[in-house]
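Protein chains in written order, with the numbering used here: chain A, 1163 to 1420; chain B, 23 to 385; chain C, 5 to 378; chain D, 6 to 364; chain E, 109 to 344.
The beta-carbon is built from N, C-alpha and C at its ideal position, and this holds for glycine as well.
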Amino acid sequence: MTNDVLLQFSDITMQFGGVTALSEVTIDIHRGEILGLIGPNGAGKTTCFNVMTGVYKPTKGTVRFDGQDIVPLKRYEITLAGIARTFQNIRLFGNMTALENVMVGADARKASSVGGALLRTPRQRAEDKESRDRAMELLTFMGIADRAGDAARNLPYGYQRRLEIARALGTEPKLLCLDEPAAGFNPAEKQELNELILKIREQGYTVLLIEHDMSVVMNVSDRVAVLDFGRKIAEGLPADVRANPDVIAAYLGVPDAS
Amino acid sequence: MNPVVRSLRQVGASLAGAKAGLASRWNAMGPTQRLSAYVLGVLALYLAPWWTEIPLLGSIVDTPGTQFTTVLSDRVIIFVLVALGLNVVVGLAGLLDLGYVGFYAVGAYTTAILTSSHASLPWLLALPVSIAVSMVFGVILGAPTLRLRGDYLAIVTLGFGEIIRLSAKNAEWLGGSRGINDIKHPPSIGPLKFGVVDPKPYYWLGLTMVFAVMFLLHRLENSRVGRAWVAIREDEDAAELMGVDTFRFKLWAFAIGAAVGGLAGVQYAGKVGFINPDNFPLLLSILFLAAVVLGGSGNMHGAILGGILVSYLPERLRNFQDKRVFVFGVALVLVMVFRPEGLLPKKVGTRKAVAAPGEGGAQ
Amino acid sequence: MRDWLLYRTFWDLTITGLALGSIYSLVALGYTLVYGVLRLINFAHSEIFMVGTFGALMASQEFLGIPMLEDGGYPYRTGFMLLVFLVFILLCAMVFSGLGAVALERVAYKSLRGNGDLFGAVVLAFLTGFVVSMVFVDDTLANVIVAAILTAPITMGYMSLFRRGKQSPRLAFLISAIGASTAIAEAMAIWGPEKREQYQTPRILEKDVLFSFLGADVRVDNVIVIVGALLMMVALTLFVNKSRLGRGVRAVAQDAETARILGVNVDMIILVTFALGGVMAGGAAMLFTLVYEQSRFNIGFILGVKSFTAAVLGGIGNLKGALLGGLVLGLVENYASAVFGGQWKDVVAFVVLLVVLMFRPTGLLGESLGRARV
Amino acid sequence: GDDTSSDTTAAAGGDVTCDGLKIAFFGALTGDAGNLGQNIKKGVDLAVAEFNEANPGCQVGIEAYDSQGDPAQAPALADKAVADASVVGIVGPAFSGESKAVNGKFDEAGLPIVTPSATNPDLANQGWKIFHRALAGDDKQGPGIVQKITADGKAKVGVIDDNSEYGKGLADIVQAGLGAAAVEMNSLDPEGSDYSAIVTAAKDAGVDGIFFGGYYAAAGKLAKQLKDGGVDAQLYFADGVLDVGFIEAAGPAAEGSIIMCPCAPKDSNADFLAAFKAKFNEDPATYAAEAYDAATAFLDAIAAGKQDRASILEFLKTYDKAGVTKQIKWDEKGEVAGNAIYAYTIESGAIVGKPGLIG
Amino acid sequence: MLLEVRDLHVFYGRIEALKGISFGVNQGEIVTLIGANGAGKTTTMRTISGVRTVAQGSIFFEGRDITGIAPHERVKLGICQAPEGRGIFPGMTVRENLEMGTYVRGGKDSQKSADLEHVFHLFPRLKERIDQNGGTLSGGEQQMLAIGRALMSRPRLLLLDEPSMGLAPMLIAQIFQIVRSINEEGISVLLVEQNATQALRAANRAYVLETGYVVKSGSGSELLDDPAVRAAYLGG
Ligand SMILES: Nc1ncnc2c1ncn2[C@@H]1O[C@H](COP(=O)(O)OP(=O)(O)OP(=O)(O)O)[C@@H](O)[C@H]1O
Ligand SMILES: Nc1ncnc2c1ncn2[C@@H]1O[C@H](COP(=O)(O)OP(=O)(O)OP(=O)(O)O)[C@@H](O)[C@H]1O
Ligand SMILES: [Mg+2]
Ligand SMILES: [Mg+2]
């Protein structure tokens, strides 16, 4: 593994009125790794995501992504810079087909706009085809190509979760952020998800994973960071983190939790 | 079972059957057959001024008390154009615009100013300028307000429409409440005379505009732009986080909607030759919105159907005299209660969307 | 001269502006309540107000028989009987508006929530029969008879056609609201007591000047309107925040589905919400007729647009916002009339709205219902 | 021209023959302005009924084009009228806005019109050969009002309008005519309810007279609020306010208001009044008599054997007859010769015509 | 039997989500439903609460047919649910959310505050956040709030739809303990869980749902030992 830092989350403090959701949290994500982010409920994990993707502007601190300060960027610019995410509560475009959902993501990297569409320039046509092909490819990759033409809202829950990942991948991110992708999955389904995440990494993506299910986190993560009450209390290899008494006290409870 | 229920069910079933039958026949046609069907349909539309001459059809479609062709040229075409434009804003991008009449007014007034009150350019030159000015107004309205969500946007656009109307009414420069007359007509082309009496050339011109707008909007809808619009409509936050520059695309929706609305205004002004602020009441914005939703918001053909119904039916129902508006209100409620998605709702998730092999999944 | 008009007449304009604004506020409450609970711009609320003004006018003219056009013949200028009359008129207006609002909900909206009910079906069936028979005969009585006969079978048809358990898109509610609004106003224009003409009422309250405030005359009707509106507002706020039913209203506003699971009778709450909005509109209507002594079938439209603007200005879904928004709007209109002339007052009002929303995208006081997190 | 004396029955000849000719009414019969159109239509109905009774061989029909006063609805109706060759004359269009939208069509089709109510001065200046009106335009009415106000010795007159084409146009003329005596008080919203800002301004200015250009409903509300607000100035109005609706709306506040109108008092022609009452069981309201005169002009043409649009138009050029309201004779622009302006006032809740007026 | 479900069919439009399921909960029992995504567990819960209409079949509570009655009536009878997705009122404070639990019951203030204390005893975290808006709580905090709120109604039958979803491991263990202790207070529990191992350990009896059918049933321990169940739902 290289030590090339992709995302540098340094000294971030995030306050909401009186509530301090994050205080001076520093996390580095290395290119090509899978970093697990865990911590008790309300520790600030989703807030980290929201700061990284521009949903919230941090009260203090800087976020550097690929050498660039992304705090001042707009949300879509952050996506274009290379961060994509899924949502803790599924948020698909319900009245678009699965294919179109992913195409919206894939369109992010395209440039043709109204003029191109009106004139149907060769470039626009080429880009449109690229988006479509890429979207189809991703649906196949996620194993849901059989429902490509169905409205997203009519898909089963598991398909919807995968579609969210496919859509995020469509934006060709350098960093993929997954917020509790296994929530509501049974163990067998979680197993499949593990494999999928590993497969995504093999494709060259860096992954940041929030998950409460230890069978997922510990099996796929290269490193794990632990938040508690808005502070980072541990960081390291999965096995080390798992044995860390602070983590056990704050989060895992009994050492064997599977 | 109650006979009414049964007959309603039967009607429903036979309609569905007819629809399925038509669809299957359509699918069975070859490309040349389809093309000729299209051509015939378009031809029939261009010949609409003579529909009233056809024995049975004539008595059904003719409007009592008003000239059928003028209804087509002055009302139906205008409403269809407007509905097409508004459908981009409301139906595709999901931005509730209650002041759309403003853009219609801007188009009409720009034409009026340029061809009558402050200059005497030909209509043909006023056309592109008016469309451009309408677009600029779309951007002027959109830029500060598109940060607002849903219903806040609705009331602001409503205010905007009123501001435009009242400004026209209060500005002597725009003719005040007197309005502007002697607006130039489109230039006559050979035997096609754009005069004051014969409405047919205007209808043909308008119909051609409708086809052109449909063609262009269809292209937009099936492009990255159209997808961005629908994504914004479905979930704006998620769209932005998927890399859609929501502000820019909303602004485009406004500008394009405004341009089409403006075009309708140009056509109207060039036809009637006279406009005043009373032509652009707030109520008209609401009627436009009703047209789009009644027909099927988000579906171009639905919007067209809505535009036709809202403009044509009141003329067809002239017999009801002053009860027309009441009937219209009741009809709106009934349609919404029983077809909340409109008469021709947008269908999502047809198998057609899958072009690649391995399609046709479960269900 | 115009430039100093605002300065010279500032307090006059303020007092009359507050009085007008109070009426906006009360009507705005109806929009805000329904919007809060259903996320619906109840476009027909303006017609509920209109119906209320007709209720008030009918109360004084038809029920109490107060003579028109008198010059001192009316015995109850002051005192206890005047109070009784005012309360009676208020109740009539509230009953008209309240019932109107409840009927509106059941006819135009309930089935769109996937909850078609019998009353709505009956009314829709009657209207259908009425309209259909209009095609054949142009005679209201005959239409009513035909419609009455057809009502039963059509009702059964409609009951089976309702799309139960399926929430309709929000635009459908809006258009249904617009349809209902049109139909109510037009029905009043066709069959109402004065058709399309203005409906006048005799003077009930002599408009004496009560006192002078910084050079401005304060009339008794101004005081009644402002105080009355404030009282109703306080009562409503207490009800919504303190009573059990009020808590139900708030719960449904935030998450109807969960509220149902916790035992809230959602349909009843929605009905209560409409009734509350209607009653407030009735109050506004009574105060309105007290001051302006007239109404017309289309009086609701403009006042409705203004009041909805007020609700948005204050922060829609927020009761205090409705009050603030109404008062601000009333004042802005009056000041603008003085500075720019009456023809510009609506322009100024909308520009103020635009500016406020640019800096506070959810109105002066913001929405009271928290939005879910991303 | 036909020189029969001012008998109310048009063309009493009785031996006219014609076939399938129609006179059309064009204006609002329904909608917000429907009342005015209904008045006009009754005037037409009466004239035609009398004609048909007198001429069994020539039964003239009436076509009604209900525009609701809306310039957007008018063109489709006008085209229908133009296309219907049996329509040889139009009484209307009733309003100035719709007139501008459609008179060009009538002009091109050579279909003569006589409007009984559209008083906008512009209309006569459009070069329309077919245009006639049966009453004085606002360019006559405005100076008449100014004259009356000046004669009453008012020194400071607030001028208000309703921002409509009619009201604003008239108010502008009055304001210009009053010169230094005028205090501009801008517009009110006729659909609105609250005019307190204007009341405040009137009080502040200390006016002794107020002119309002607009229609009766708004005038009623305004009069009442002015009185309640303690403004005691003399109120002046124009023809749009000449309706009992004004008295109903203003109540006691209407008393003493002066309303100017280029229309004759209803009792100025006893025969017409009696005939109208007999047919409709009510008094003729504003513009019914003008409409009667307008229709009569067409009927006289028909009686004179003119049975197509061109010859009827030609006939009107030389028409000269005492109508029930005034001498009906048009100049080349279509303005009527008799252009007296009458003053009315409100006494004990009734409209009273004042004799001896400006003219 | 406290709750009995007989041959239940439920549709979403044309999709039949439940194809005739039958099961029951006895007084004092913990019964759990397990099954894959989309098996119909949530649909079952919502149908029992009355927010989905029954196409065919019936539901009995204490022997009384409640198939057709309104949801709020069922709460009065003692059925209360902590729904999937938690259903927190975002604009109400934690306290107000909890008080919504007593909506049908009304009840005296002293009683209410005793119940409130009881909930705070189970979830001390909620007490810390008592005046924070529900919408700004973290996922886990919301879950606690949802369960606490359901308890406030003093149900006879508590319906819990995936209470452990989105919870930290430590809390998951705690939640199951709480379920047991609630049950020991005499409240019967119908529990839907993906966390099948823990659920089966806690349950007296269990049913396995698959695409709208009940495919297996038995005591918790029986199913825990069933190799097919282990393979499909317990991860080997
Ligand atoms: N918009 C907000 N306003 C106020 N407080 C907030 C807001 N967003 C988050 N918080 C608070 O910040 C804290 C961290 O929340 P966050 O959602 O990041 O937790 P989390 O680690 O994702 O928890 P979970 O695992 O339960 O999802 C919580 O206590 C929450 O109440
Ligand atoms: N609102 C809806 N519209 C259409 N179909 C639905 C809807 N809700 C659920 N379904 C379908 O009904 C079936 C059962 O869904 P349900 O939510 O009851 O499953 P579940 O067992 O609770 O699954 P999960 O473990 O994901 O919560 C699924 O096939 C689902 O796709
Ligand atoms: Mg989280
Ligand atoms: Mg579920």
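Just the C-alpha distance for residue i and residue j, rounded to the nearest angstrom, thanks.
i                          : j                            : result
tyrosine 224 of chain B    : phenylalanine 216 of chain B : 7 angstroms
alanine 207 of chain D     : alanine 254 of chain D       : 20 angstroms
arginine 1271 of chain A   : cysteine 1339 of chain A     : 18 angstroms
asparagine 1356 of chain A : valine 1379 of chain A       : 9 angstroms
glycine 1392 of chain A    : alanine 1205 of chain A      : 5 angstroms
alanine 342 of chain C     : glycine 286 of chain C       : 30 angstroms
glutamine 89 of chain B    : leucine 37 of chain B        : 32 angstroms
arginine 194 of chain E    : alanine 165 of chain B       : 38 angstroms
leucine 281 of chain C     : arginine 1315 of chain A     : It is glycine, not leucine, that sits at residue 281 of chain C in the sequence shown. Taking the straight line joining both Cα atoms gives about 35 angstroms.
aspartate 1418 of chain A  : glutamate 204 of chain E     : Unreliable positioning characterises aspartate 1418 of chain A in this predicted model, as indicated by a pLDDT of 47, which lies under 50. A coordinate reading is not provided.
Count the other CB atoms, across all protein chains shown, that sit within 10 Å of the CB of residue i; report buried if there are 16 or more and exposed otherwise.
i                         : result
glutamate 74 of chain C   : Only weak support is given to the placement of glutamate 74 of chain C: the predicted model assigns it a pLDDT of 48, under 50, and the value that follows is read from those uncertain coordinates. Exposed: under 16 other Cβ atoms inside 10 Å.
isoleucine 196 of chain E : buried
tyrosine 1321 of chain A  : buried
methionine 85 of chain C  : exposed
asparagine 341 of chain B : exposed
arginine 93 of chain D    : Sequence check: residue 93 of chain D is valine here, not arginine. Buried, because 16 or more other Cβ atoms sit within 10 Å of the Cβ of valine 93 of chain D.
glycine 76 of chain C     : At glycine 76 of chain C, the pLDDT of 45 sits below 50, so the modelled position is not reliable; the number obtained from the coordinates is stated separately. That one is exposed.
Closest by CA to residue i, which one among the options?
i                        : options                                   : result
tyrosine 39 of chain C   : C:Gln298, C:Ala107 and C:Arg174           : C:Arg174
glutamate 194 of chain B : D:Val179, D:Asn168, D:Ala258 and D:Val49  : D:Asn168
lysine 47 of chain D     : D:Tyr297, D:Ser273, D:Asp305 and D:Ile150 : D:Tyr297
glutamate 189 of chain D : D:Ala181, D:Ile317 and D:Glu196           : D:Ala181
I'd like to check one pair, residue j with residue i: are the Cβ atoms closer than 8 angstroms?
i                         : j                            : result
tyrosine 349 of chain D   : isoleucine 356 of chain D    : yes
alanine 280 of chain B    : phenylalanine 159 of chain B : yes
asparagine 109 of chain B : methionine 322 of chain B    : yes
lysine 173 of chain D     : glycine 218 of chain D       : yes
leucine 368 of chain C    : alanine 233 of chain C       : no
alanine 52 of chain D     : alanine 345 of chain D       : no
valine 1264 of chain A    : arginine 1329 of chain A     : yes
First and last residue of the alpha helix (DSSP H) that includes residue i?
i                         : result
threonine 179 of chain B  : 172 to 192
asparagine 226 of chain C : 224 to 246
methionine 208 of chain E : 202 to 208
lysine 229 of chain D     : 221 to 233
histidine 226 of chain E  : 217 to 230
aspartate 1402 of chain A : 1400 to 1405
Along the chain, where does the beta strand (DSSP E) that runs through residue i open and close?
i                     : result
lysine 326 of chain D : 325 to 327
serine 325 of chain E : 321 to 327
Report yes if the C-beta of residue i is less than 7 angstroms from at least one heavy atom of ligand 5; otherwise report no.
i                     : result
serine 246 of chain E : With respect to ligand 5, the structure offers nothing, as its ligand set consists of ligand 1, ligand 2, ligand 3 and ligand 4.
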